[in-house]
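Trainee: Mind looking over this structure? Questions follow.
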Amino acid sequence: MADFNVSSRGVGSVNVLDLKGYLDAHTAPELEKAFNKLIDEKSFNVIVNFRDLNYISSAGLGVFMAYVETMRENKGDIKFSNMKENVYNIFDLLGFPVLYEFFKDETEALDKFKVQG
Amino acid sequence: MLKNKEKNFERNLVVKSSTDNLSIIREFTTTSAKECGCSEELTGNIILAVDEACTNIIKHAYKYSSNGEIGITIKSTQANIVILITDSGEHFDPENVPAPNLIEYQRQKKAGGLGIFLMKKLMDEVNYKVLRDNRNQVELVKHLK
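Protein sequence lines correspond, in order, to chains A and B.
For the first sequence, the working numbering begins at 1 and goes up steadily by one.
For the second sequence, the working numbering begins at 118 and goes up steadily by one.
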């Protein structure tokens with residue numbers, strides 16, 4: 001059963017990771033693999049689109065915590081978009097909105113990368 | 118407040134300690150919480166708290182060995198929803214786990230350390246004890262107002 005899927009697409013100088021399904025301790029390694037691939041390709045501007053993600057546990061949140069610094073050290077970032085309310089609430093409970101940028105829509109996140117150059 | 122006030126509601130599940138079973142645990146928790154009348158929001162919070170507790174057991178008590186067993190009992194009374202989660206792995210003292218510091222974790226590129234804090238945020242009580250047969254038990258309690 002495919003509980004989780006992550007796919008990557010390029011939009012200009014930004015890579016968008018589309019997440020689908022359930023992100024937990026079992027599926028988090030797939031997301032880690034996707035981030036490792038982006039780092040190998042030196043793609044440090046990343047938007048994670050949560051439109052089709054139904055569920056996240058702390059194992060999923062931990063992946064962003066482990067990779068964001070590498071992106072920022074290379075003048076990039078991980079920005080979040082299109083999050084369902086139940087998923088956003090978990091990020092909020094743990095205080096992520098202070099340290100990460102959340103956007104309602106992917107295009108807003110893309111615009112922010114453009115402004116930042 | 119529960120919609121269905123079934124007296125002595127209780128459901129049980131035993132699974133092997135593999136992260137592969139987290140989806141089965143979620144399904145069981147969803148069905149049980151809904152059966153005892155929990156709202157969608159409360160059900161969501163219970164699912165996540167149980168997931169976090171079981172993930173910790175797989176990671177810390179069984180060190181990712183899938184040969185162990187995790188027992189889950191969900192029961193409700195008029196006043197509480199109580200979830201008991203047991204394992205026979207290494208004892209784990211949550212008191213030794215510090216509150217998470219996101220800025221520091223990020224700097225260290227650390228992926229873990231959020232689960233217990235999240236469980237405490239989602240539930241009213243998170244109690245750990247060692248049972249007489251030496252199994253570990255996590256008790257998650259949500260008070261129903």
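Beta carbons are placed, not taken as given, at the ideal position from N, Cα and C, and that holds for glycine.
Keep in mind the model is a prediction, meaning the values are calculated, not measured.
In chain order, what residues of the segment 71-89 of chain A put their CB closer than 7 Å to some CB of chain B?
Mentor: Here the close residues are N86.
Trainee: Between the beta-carbon of A/A28 and the beta-carbon of A/A66, is there less than 7 Å?
Mentor: Taking the first sequence and counting its residues from 1, the one referred to as residue 28 of chain A is at position 28. Taking the first sequence and counting its residues from 1, the one referred to as residue 66 of chain A is at position 66. Going by C-beta atoms, A/A28 is not nearer than 7 Å to A/A66.
Trainee: Would you say A/F64 and A/I47 are within 7 Å of each other, going by their C-beta atoms?
Mentor: Here the question's residue 64 of chain A lines up with position 64 in the first sequence. Here the question's residue 47 of chain A lines up with position 47 in the first sequence. No, they are not a contact pair.
Trainee: Contact defined as beta carbons within less than 8 Å: I believe B/M236 pairs with B/A178. What is the distance between those atoms, to the nearest angstrom?
Mentor: Here residue 236 of chain B corresponds to residue number 119 of the second sequence, with the count starting at 1. Here residue 178 of chain B corresponds to residue number 61 of the second sequence, with the count starting at 1. 15 Å between Cβ atoms; not a contact.
Trainee: Establish whether the CB of A/S8 and some CB of chain B are separated by less than 7 Å.
Mentor: Residue 8 of chain A sits at position 8 when you count from the first residue of the first sequence. It does not; no Cβ of chain B falls within 7 Å.
Trainee: Give, in chain order, every residue of the segment 19-35 of chain A whose Cβ lies closer than 7 Å to some Cβ of chain E.
Mentor: Here chain E cannot be found, since the structure's protein chains are A and B.
Trainee: Ignoring anything shorter than 4 residues or poking outside the segment 154-201 of chain B, list the alpha helix (DSSP H) runs there in chain order.
Mentor: Fully enclosed alpha helix (DSSP H) runs of 4 or longer: 157-173.
Trainee: Closest to A/F113 by CA distance: which of A/R51, A/M71 and A/D52 is it?
Mentor: Taking the first sequence and counting its residues from 1, the one referred to as residue 113 of chain A is at position 113. For the residues A/R51, A/M71 and A/D52, the minimum Cα distance to A/F113 belongs to A/M71.
Trainee: Distance, Cα to Cα, B/T190 vs A/K20?
Mentor: Mapped onto the second sequence, residue 190 of chain B falls at position 73. Mapped onto the first sequence, residue 20 of chain A falls at position 20. For B/T190 and A/K20, the distance between alpha carbons rounds to 30 Å.
Trainee: Measure the C-alpha to C-alpha separation of B/E127 and B/I175 and round it to an integer number of angstroms.
Mentor: Looking up residue 127 of chain B in the second sequence gives position 10. Looking up residue 175 of chain B in the second sequence gives position 58. Distance between the alpha carbons of B/E127 and B/I175 is about 24 Å.
Trainee: Name the chain A residues that come within less than 7 Å of B/E169, Cβ to Cβ?
Mentor: The residue given as residue 169 of chain B occupies position 52 in the second sequence. Simply S57 and S58.
Trainee: Which value, in whole angstroms, describes the spacing of the CA atoms of A/D3 and B/S140?
Mentor: The count along the first sequence starts at 1 and reaches residue 3 of chain A at position 3. The count along the second sequence starts at 1 and reaches residue 140 of chain B at position 23. If I take the Cα positions, the gap works out to 8 Å.
Trainee: If you follow the beta strand (DSSP E) that A/S81 is in, where does it begin and where does it stop?
Mentor: Position 81 of the first sequence, counted from the start, is the residue given in the question as residue 81 of chain A. Run containing A/S81: D77 to S81, per the beta strand (DSSP E) assignment.
Trainee: Taking B/T203 and B/N253 to be in contact with their CB atoms under 8 Å, please state how far apart those CB atoms are, rounded to whole angstroms.
Mentor: Taking the second sequence and counting its residues from 1, the one referred to as residue 203 of chain B is at position 86. Taking the second sequence and counting its residues from 1, the one referred to as residue 253 of chain B is at position 136. Confirmed, Cβ separation roughly 7 Å.
Trainee: What does DSSP give as the partner residue(s) for B/V131 in the beta ladder?
Mentor: Here residue 131 of chain B refers to the residue found at position 14 of the second sequence. According to DSSP, B/V131 bridges with B/G188.
Trainee: For A/S43, which residues of its own chain have a beta-carbon under 7 Å away from its beta-carbon, when the five flanking residues on both sides are left out?
Mentor: The residue you call residue 43 of chain A lines up with position 43 of the first sequence. These residues qualify, in order along the chain: N15.
Trainee: Is there at least one Cβ from chain A nearer than 7 Å to B/K237's Cβ?
Mentor: Here residue 237 of chain B corresponds to residue number 120 of the second sequence, with the count starting at 1. Not an interface residue.
Trainee: For B/T148, return the contacting residues in chain A, with the cut-off set at a CB-CB distance below 9 Å.
Mentor: As a working mapping, residue 148 of chain B is identified with position 31 in the second sequence. Here the premise fails: no neighbours, minimum Cβ distance about 16 Å.
Trainee: Would you say B/T136 faces chain A, with C-beta separation under 7 Å as the test?
Mentor: The count along the second sequence starts at 1 and reaches residue 136 of chain B at position 19. For B/T136, the answer is yes, since a Cβ of chain A falls inside 7 Å of its Cβ.
Trainee: Quick check on B/L261: does DSSP put it in helix, strand or coil?
Mentor: Sequence index remark: in the second sequence, residue 261 of chain B carries index 144 (1-based). Here B/L261 sits in coil by DSSP.
Trainee: Please report the Cβ distance between B/V258 and B/D241, rounded to the nearest whole angstrom; I am assuming they are in contact, meaning their Cβ atoms lie under 8 Å.
Mentor: Translated into the one-based positions of the second sequence, residue 258 of chain B becomes position 141. Translated into the one-based positions of the second sequence, residue 241 of chain B becomes position 124. Right, the Cβ-Cβ distance comes to about 6 Å (below 8 Å), so this counts as a contact.
Trainee: What three-state label does DSSP hand A/Y22 in the structure shown?
Mentor: Within the first sequence, numbered from 1, the residue matching residue 22 of chain A stands at position 22. Here A/Y22 sits in strand by DSSP.
Trainee: Which residues does DSSP pair with A/G10 in a beta bridge?
Mentor: Along the first sequence, read from residue 1 onward, the residue named residue 10 of chain A stands at position 10. Beta-bridge pairing links A/G10 to A/N15.
Trainee: Note down, in chain order, every chain A residue with its Cβ under 8 Å from the Cβ of B/Y245.
Mentor: Counting from 1 along the second sequence, the entry for residue 245 of chain B is found at position 128. Per Cβ cutoff of 8 Å: no residues; B/Y245 is ~18 Å from chain A at best.
Trainee: Measure how close the beta-carbons of B/I142 and B/V131 come, nearest whole angstrom, since I'm counting them as under 8 Å.
Mentor: Here residue 142 of chain B corresponds to residue number 25 of the second sequence, with the count starting at 1. Here residue 131 of chain B corresponds to residue number 14 of the second sequence, with the count starting at 1. The Cβ separation is near 11 Å, so there is no contact.
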